[in-house]
Amino acid sequence: MGQVSLARFLIEQQRAGHINADLRLLIEVVARACKSIAHAVSKGALGGVLGDAGTGNIQGEAQKKLDVLSNEILLEANEWGGHLAACASEEMDHCQPIPNAYPKGNYLLLFDPLDGSSNIDVNISVGTIFSVLRCPDGVTEPQDEHFLQPGNTQVAAGYTVYGPSTMLVLTVGTGTHAFTLDREQGSFVLTQRDMRIPEDTKEFAINMSNQRHWFEPMQRYVGELLEGKTGPRGKDFNMRWVASMVADVHRILTRGGIFIYPRDRKDPDKPGKLRLMYEANPMSFVVEQAGGAATNGYERILDLQPGQLHERVAVFLGSKNEVEVATRYHREAGDR
Ligand code: FDP
Numbered sequence: 423m424g425q426v427s428l429a430r431f432l433i434e435q436q437r438a439g440h441i442n443a444d445l446r447l448l449i450e451v452v453a454r455a456c457k458s459i460a461h462a463v464s465k466g467a468l469g470g471v472l473g474d475a476g477t478g479n480i481q482g483e484a485q486k487k488l489d490v491l492s493n494e495i496l497l498e499a500n501e502w503g504g505h506l507a508a509c510a511s512e513e514m515d516h517c518q519p520i521p522n523a524y525p526k527g528n529y530l531l532l533f534d535p536l537d538g539s540s541n542i543d544v545n546i547s548v549g550t551i552f553s554v555l556r557c558p559d560g561v562t563e564p565q566d567e568h569f570l571q572p573g574n575t576q577v578a579a580g581y582t583v584y585g586p587s588t589m590l591v592l593t594v595g596t597g598t599h600a601f602t603l604d605r606e607q608g609s610f611v612l613t614q615r616d617m618r619i620p621e622d623t624k625e626f627a628i629n630m631s632n633q634r635h636w637f638e639p640m641q642r643y644v645g646e647l648l649e650g651k652t653g654p655r656g657k658d659f660n661m662r663w664v665a666s667m668v669a670d671v672h673r674i675l676t677r678g679g680i681f682i683y684p685r686d687r688k689d690p691d692k693p694g695k696l697r698l699m700y701e702a703n704p705m706s707f708v709v710e711q712a713g714g715a716a717t718n719g720y721e722r723i724l725d726l727q728p729g730q731l732h733e734r735v736a737v738f739l740g741s742k743n744e745v746e747v748a749t750r751y752h753r754e755a756g757d758r
């Protein structure tokens with residue numbers, strides 16, 4: 423069999439009854455938007471796209487020019503296709519309905535247009551994360567509340583990592599598959615079917631500078647990893663932290679590992695840094711479909727009922743047995 427393009431892969435998923443034509447076209451539109459973002463990212467300083475936009479988002483974070491540009495690219499690409507009822511983004515306070523000039527579809531799209539903002543200006547990998555939900559029956563004018571569905575209802579999710587090569591990693595609930603952008607052809611080509619995350623690992627990813635703010639179960643868990651071979655875990659662990667969730671998760675999908683962003687005492691009102699609906703949920707779907715696990719330290723992320731569009735959550739994801747150990751320590755400690 424020759425090369426399998428994303429278009430062909432999606433047609434095959436449709437023929438097998440896993441997705442319908444609307445969802446197929448929606449994913450193709452997201453992929454097309456990611457190609458435009460990849461193009462803008464790769465131009466770097468020559469494209470005049472680096473630096474701050476001079477604005478802030480709902481989370482109070484300074485927006486980069488590329489955050490704003492990527493958000494616009496995704497919105498524009500998706501508004502006219504007829505597959506969506508509304509979009510929501512890290513960069514917008516509330517969801518955005520599809521303009522009346524265009525037909526409306528049955529899906530809701532959430533995205534983090536450019537994840538890993540602190541890495542944009544230093545030429546390190548960044549990415550786009552997306553999640554697709556069904557618009558509830560009978561809802562013609564979707565509001566924020568209609569997006570508040572647990573991650574286990576996602577019909578598709580994935581990310582694009584803009585690294586040395588641009589890769590799209592996708593799940594529609596039939597495994598996790600990786601596509602590499604062929605820049606000459608302008609198409610995503612299937613380069614790994616059914617990614618599998620090794621169940622055991624010797625690599626962890628965490629921002630260690632927050633250690634003094636962690637709660638007891640985190641101190642215990644990472645403390646034991648650091649003790650290495652002679653400690654209770656009986657093996658040496660290595661640490662990696664790109665500080666772009668997309669890049670860290672991509673490494674874990676490729677060779678295993680555990681990614682952690684816990685809740686801590688620095689800002690106890692915030693249940694972690696990462697966002698549930700357009701970071702943790704899509705990444706958890708992708709990771710579980712590759713045989714990994716994802717929890718908030720206590721419960722499976724995909725079973726959490728969201729209360730707000732921009733809700734934050736603690737994240738433990740990656741190699742199954744490692745996520746189980748970290749989760750067990752939290753459950754044993756009992757406090758939250
Ligand atoms: P960023 O704030 O740069 O957008 O989405 C949040 C995120 O990046 C993740 O991509 C990344 O894993 C994490 O935050 C990095 O956090 P630290 O700044 O604490 O390292």
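Read in order, the letters of the sequence shown are residues 423 to 758 in this note's numbering. Using N, Cα and C, we set each Cβ at its ideal position, and we do this for glycine too.
In the DSSP output, what is residue i paired with across the bridge?
{"i": "I551", "result": "D534 and Y581"}
{"i": "Y529", "result": "L506 and R556"}
{"i": "Q614", "result": "A600"}
{"i": "T717", "result": "R722 and F738"}
{"i": "D474", "result": "K486"}
{"i": "F681", "result": "A627 and L739"}
{"i": "P519", "result": "A508"}
{"i": "L592", "result": "G580 and H599"}
{"i": "L696", "result": "V735"}
{"i": "S464", "result": "Its beta-bridge partners do not exist; DSSP assigns none."}
{"i": "S427", "result": "V611"}
Measure the C-alpha to C-alpha separation of residue i and residue j and round it to an integer number of angstroms.
{"i": "V671", "j": "Y584", "result": "13 Å"}
{"i": "S427", "j": "M617", "result": "17 Å"}
{"i": "T588", "j": "A453", "result": "11 Å"}
{"i": "K486", "j": "Q730", "result": "24 Å"}
{"i": "G470", "j": "S631", "result": "32 Å"}
{"i": "F637", "j": "G527", "result": "45 Å"}
{"i": "M705", "j": "E625", "result": "18 Å"}
{"i": "I628", "j": "P684", "result": "9 Å"}
{"i": "P586", "j": "A508", "result": "32 Å"}
{"i": "P494", "j": "D537", "result": "Inspection of the sequence shows that residue 494 is occupied by Glu rather than by Pro. Between E494 and D537, the C-alpha separation is close to 15 Å."}
Who are the near neighbours of residue i in its chain, counting only those whose CB is closer than 8 Å to its CB and skipping five residues on each side?
{"i": "V577", "result": "I441, L445, Y529, V554, L555, R556, V594 and G595"}
{"i": "E506", "result": "In the sequence on display, residue 506 carries Leu and not Glu. Here the set comprises L448, N500, I520, K526, G527, Y529, L530 and L531."}
{"i": "G756", "result": "none"}
Return the chain-ordered list of same chain residues with a C-beta closer than 6 Å to the C-beta of residue i, the five sequence neighbours on each side being excluded.
{"i": "L698", "result": "P728, E733 and V735"}
{"i": "L570", "result": "P728"}
{"i": "A715", "result": "K742 and V745"}
{"i": "Y643", "result": "A748 and Y751"}
{"i": "G740", "result": "I674, G679, I680, F681 and G714"}
{"i": "L472", "result": "D543"}
With a CB to CB cut of under 7 Å and the five nearest residues on each side skipped, what residues in its chain are close to residue i?
{"i": "D604", "result": "V611"}
{"i": "H635", "result": "D686, R687 and K688"}
Can residue i be considered in contact with the ligand FDP, in the sense that its beta carbon sits closer than 7 Å to one or more heavy atoms?
{"i": "L590", "result": "no"}
{"i": "E625", "result": "no"}
{"i": "K695", "result": "yes"}
{"i": "E701", "result": "yes"}
{"i": "S540", "result": "yes"}
{"i": "N629", "result": "yes"}
{"i": "D658", "result": "no"}
{"i": "D670", "result": "yes"}
Is residue i near the ligand SAH, judged by its Cβ being under 7 Å from some heavy atom?
{"i": "A665", "result": "The ligand SAH is absent from the structure shown, which contains only the ligand FDP."}
- Query: Three or more C-beta pairs closer than 8 Å, one from the region 618 to 638 and one from the region 476 to 491: is that the case here?
  - Reply: no
- Would you say the region 531 to 540 touches the region 686 to 701, given that touching needs at least three Cβ pairs under 8 Å? yes
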